[in-house]
Structure formats: C-alpha cells, structure tokens
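Q:
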Amino acid sequence: MKDIKCKNYNIHINNWLQFTSFVQDINASHIFILADENTEKYCLLHLLENLNGEAFVIRIPSGEHNKTINTCQQVWSKLMQNGADRHSLLINLGGGVIGDLGGFCAATYMRGIRFIQVPTTLLSQVDASVGGKLGVDLLGFKNMVGIIQDPAAVFIFTEFLNTLPQNQIRSGFAELLKHGLIADKSAWDTLSHKANISGLDYENLVYESVKIKKNVTEQDPYENGLRKILNFGHTIGHAVESYWMDSSTPLLHGEAIAIGMVSEAFLSYRVGKISEGELFDIRNALIRIYGHHPKYVRPATDLIEIMKGDKKNIKGSIRFALLESVGKACYDVQVDKNAIEESFVFYKEKI
Ligand SMILES: NC(=O)c1ccc[n+]([C@@H]2O[C@H](COP(=O)([O-])OP(=O)(O)OC[C@H]3O[C@@H](n4cnc5c(N)ncnc54)[C@H](O)[C@@H]3O)[C@@H](O)[C@H]2O)c1
Ligand SMILES: [Zn+2]
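Position one of the sequence shown corresponds to residue 3 (this note's numbering), numbered consecutively onward.
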C-alpha cells in the first residue's frame, strides 16, 4: 500500500480499505461505474465487492475508435436516464480510453460531477490517470476535444495487471522507461536491465513512476513549459503510430513510442546533449525489449508531414523534447528535417 499526495487529490496504490471508505465519505446520491467489456469481465466484480451500496454500471465498447463524442452522448444519456444529479459519483474503471472519456463526461455532465479514476492498464496507471487531462478524439485526431480537471481521487490496484495481455504490459512499460529517461537515471538503469517485464514488483515500480509524472504535471498543469518533457519519444512515436494506425499491422502506443525514443535519443546525441555511449545503451535496451522494426520508420517524408501537424509545434517548426542527459530532459528544441531523417537511418541500422 502506498499513497501519493497531490495538490487537490490523492493517488492510492493497492488500498481497498481506503477505497471503500473514500467512496462512503463522498456520500454520493448515486454511484455510476463506467466500464468496457474487458474491465466488466475482469475487474468489475472486485470493485463491487469493495463498494458498500448499489452502483449502476454503464458499459461502452473498448478501443480507441470509441473514444468519441458519440460515446460521450451515450454515457451522458445513461447518466440522465438513470437519475444522475449533481451529487452523483462516476467511477471510471478501465484503461486510458475509459479514464479520458469517463472523466470528460463527468467533468461536463451538469457542469461537473465528481469522478474517481481506477486505472486498470499499466499505461493508465503510470500515465493517463495522472495529470488531469481528459477528452476524446475528433475526426480521427487524438484528444482534440477535452479539458484539464482533477479527479476526486485515483485508486490504482496493480492486481488488475494480472489479466492484462502481455503486449499491453509491454506497451505501458514504455512510459515507465520514458519517465526514467527524462527524470530518474537510477529508475532507467534498473528498468532497462529487466530480463522479463512480467511478474515484476509493479507496486513499487508504478509508485516511483507516478511520482515522476505527478511532480512534472503539478509544476506545469497546462503544459506551458516543463510538462512538455513528457513528450520525449512522442513526436516521432506519434507520427509512426498514426501512419500505421489503419494498416493491417498497427503498433500499440508503447511500441511506437519505443521507436520514437530511439530516434529522439539520436537527436539528443546529434545536438550534442548525450554521449555516443549513452545513445547506444538506450537503443540496445529499447530494441531488446521491443524488437527491431525498421519497416515502421518510413516513408520519412510522410512521417515528417505528420509531425508538422503536432500540437506542440510553434509557428510550423517541429519542436522536440530531448534528453539533456540520461535522467534529465529539455523541451522546445528545434531540429531540422535532415537530422530527423538521420534519426530514422540510425534506428534502421542493423545492431
Ligand atoms: N490523459 C492523459 O494524460 C493520457 C496519457 C496517456 C495516454 N492517454 C490515453 O490513454 C489511451 C490509451 O490507454 P490504454 O493503453 O490504457 O488503452 P485502453 O484503454 O484502450 O486499454 C487497452 C485494452 O486493455 C483492456 N483492458 C483494460 N484493463 C484491463 C485488464 N485489467 N485486464 C484485461 N484487459 C484490460 C481494454 O478493454 C482495452 O481493450 C489513449 O486514448 C491515450 O490518448 C491519456
Ligand atoms: Zn505515451
């Protein structure tokens, strides 16, 4: 059991007693639980066992393609049809899709009802549930509509990871590695040497990783500066993820971010920030965990075009969060097109 205190709410890890009493103390007029078919199957029962009192379950289909305003309308309608008033509580039980969408629905229903995040994927436990970003996709573009608002609390239960498919664990693990690279060298050193990422002591690993995200987002909740360091690996990673999204071989988010982190570590080396030795260590560790997939870093011109549309750019020039050293990051670094192309060549090189 571990707790992390934030400015406006707390994050609790593996504390069912605290969950039960926290919900009781809220004294909500109605309790709603938002789940998808997987969290309904694998996580809901345990949650219900730890709730004193009745709850109404709203189920939406899983998957990023359902993270839309249409699904929000279904959730808002279910809330309304089942008597939700301003004193109701919504518990979001699921991965980042449920957390982002459910949080957005709660924050906007009747101008805002309280909500609790219960993240059930590794990615949502260390990343999506912390920092208050909520929202949905629009016209196929990610997170185009949303707000930043804190939940009443976050309750993380690492036992939920037991039913999570291995590829989803690996995907979420990329965010733990990223947190190490940008803010905690010793975490990176430990995590990057793990021979097998299943069966680890996730309570501790999640705790350390959440602390990093919490520290960064509390200093800069609206991403005016420091929060941008969390985008390390994501400028190139997002472009790769989007380009292959509708293909027959899409990548999971973390797999794409692993490619992005190798390429952006190269950029960090290219602009004189990290050493060649550090660059090779990062590449070797990420490729050992995620495999080597040269086919995904092409076509370079299309990927660069996608990057030009990145929300983080300023006046059309592509800006990167890069590594200052291992365990320290910087942001808003302008990098030219040639260097980006070189970073793809570096990723593709045979080891
Ligand atoms: N708000 C933020 O700051 C933030 C940060 C990072 C990512 N995100 C968002 O998070 C989303 C991705 O989140 P994700 O990776 O958790 O994906 P996800 O929510 O789609 O979950 C992945 C899959 O795992 C299933 N699942 C969830 N918990 C399970 C469990 N315990 N056992 C078995 N299956 C389970 C889900 O049903 C789904 O099929 C994206 O929409 C992304 O934009 C938000
Ligand atoms: Zn990410």
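Cβ atoms here follow ideal geometry from the backbone N, Cα and C, with glycine treated the same way.
Residue ranges of each beta strand (DSSP E) run of no fewer than 3 residues wholly in the segment 21 to 56, ordered along the chain?
A: 33 to 37
Q: DSSP three-state label for S79, please.
A: To locate residue 79, count along the sequence shown from 1; it is residue 77. S79 falls in the helix class under three-state DSSP.
Q: Take P223 and list the residues in its own chain whose beta-carbon comes closer than 8 angstroms to its own, dropping the five residues that flank it on each side.
A: For the purposes of this step, residue 223 is taken as residue 221 along the sequence shown, with counting starting at 1. The answer, listed in chain order, is G133, G134, I150 and R229.
Q: Name the two residues that bound the continuous beta strand (DSSP E) containing G96.
A: For the purposes of this step, residue 96 is taken as residue 94 along the sequence shown, with counting starting at 1. In the DSSP assignment, G96 falls within the unbroken beta strand (DSSP E) covering L91 to G96.
Q: Is the distance from the Cβ of I214 to the Cβ of H181 below 8 angstroms?
A: On the sequence shown, residue 214 is found 212 positions in, with the first residue counted as 1. On the sequence shown, residue 181 is found 179 positions in, with the first residue counted as 1. Yes. Within cutoff.
Q: L36 to W78, Cα distance in whole Å?
A: In the sequence shown, counting from the first residue as 1, residue 36 sits at position 34. In the sequence shown, counting from the first residue as 1, residue 78 sits at position 76. Going by the C-alpha atoms only, they are around 11 angstroms apart.
Q: What is the residue span of the beta strand (DSSP E) that N12 lies within?
A: Locating residue 12 in the sequence shown gives position 10, where the first residue counts as 1. Here the beta strand (DSSP E) through N12 covers N12 to I15.
Q: To the nearest whole angstrom, what separates the beta carbons of I115 and S90, a pair I think is in contact under 8 angstroms?
A: In the sequence shown, residue 115 corresponds to position 113, counting from 1. In the sequence shown, residue 90 corresponds to position 88, counting from 1. That pair is a contact at about 5 angstroms.
Q: Return yes when at least one heavy atom of ligand 1 lies under 7 angstroms from the C-beta of F234, else no.
A: Along the sequence shown, one-based indexing puts residue 234 at 232. Not under cutoff, so the answer is no.
Q: Identify which residue in S319, A302, V59 and I259 has its Cα closest to the Cα of G293.
A: Residue numbering aside, residue 293 sits at position 291 when the sequence shown is read from its first letter. Selected option, being the one with the closest Cα: I259.
Q: May I ask you to report which of helix, strand or coil DSSP gives Q221?
A: Along the sequence shown, read from residue 1 onward, the residue named residue 221 stands at position 219. If DSSP states are grouped into helix, strand and coil, Q221 belongs with the helices.
Q: Quick one: Cα of K69 to Cα of L81, how far?
A: Position 67 of the sequence shown holds residue 69. Position 79 of the sequence shown holds residue 81. Answer to the nearest angstrom: the Cα atoms are 17 angstroms apart.
Q: Please return the same chain residues whose Cβ sits closer than 6 angstroms to the Cβ of A185, not counting the five positions on each side in sequence.
A: As a working note, residue 185 is residue 183 in the sequence shown. Result list for A185: I214, in chain order.
Q: Please confirm if the segment 135 to 146 is in contact with the segment 283 to 297, defined as three or more CB-CB distances below 8 angstroms between the two stretches.
A: no
Q: Give me, in chain order, the residues of the same chain whose beta-carbon lies closer than 6 angstroms to that of T192; leave out the 5 immediate sequence neighbours on both sides.
A: On the sequence shown, position 190 is the one that residue 192 refers to. So the list is empty, once near-sequence residues are dropped.
Q: What is the C-beta distance between V264 and I284, in whole angstroms, given that I count them as a contact (C-beta under 8 angstroms)?
A: Numbered from its first residue, the sequence shown carries residue 264 at position 262. Numbered from its first residue, the sequence shown carries residue 284 at position 282. That belief holds up - the Cβ atoms of V264 and I284 are roughly 7 angstroms apart, short of 8 angstroms.
Q: When the Cα atoms are used, what is the spatial distance from G235 to E326?
A: On the sequence shown, position 233 is the one that residue 235 refers to. On the sequence shown, position 324 is the one that residue 326 refers to. Taking the straight line joining both Cα atoms gives about 14 angstroms.
Q: Using 8 angstroms for Cβ pairs, my map puts A155 next to N12. What's the rounded Cβ distance?
A: As a working note, residue 155 is residue 153 in the sequence shown. As a working note, residue 12 is residue 10 in the sequence shown. With a Cβ gap of about 6 angstroms, A155 and N12 count as contacting.
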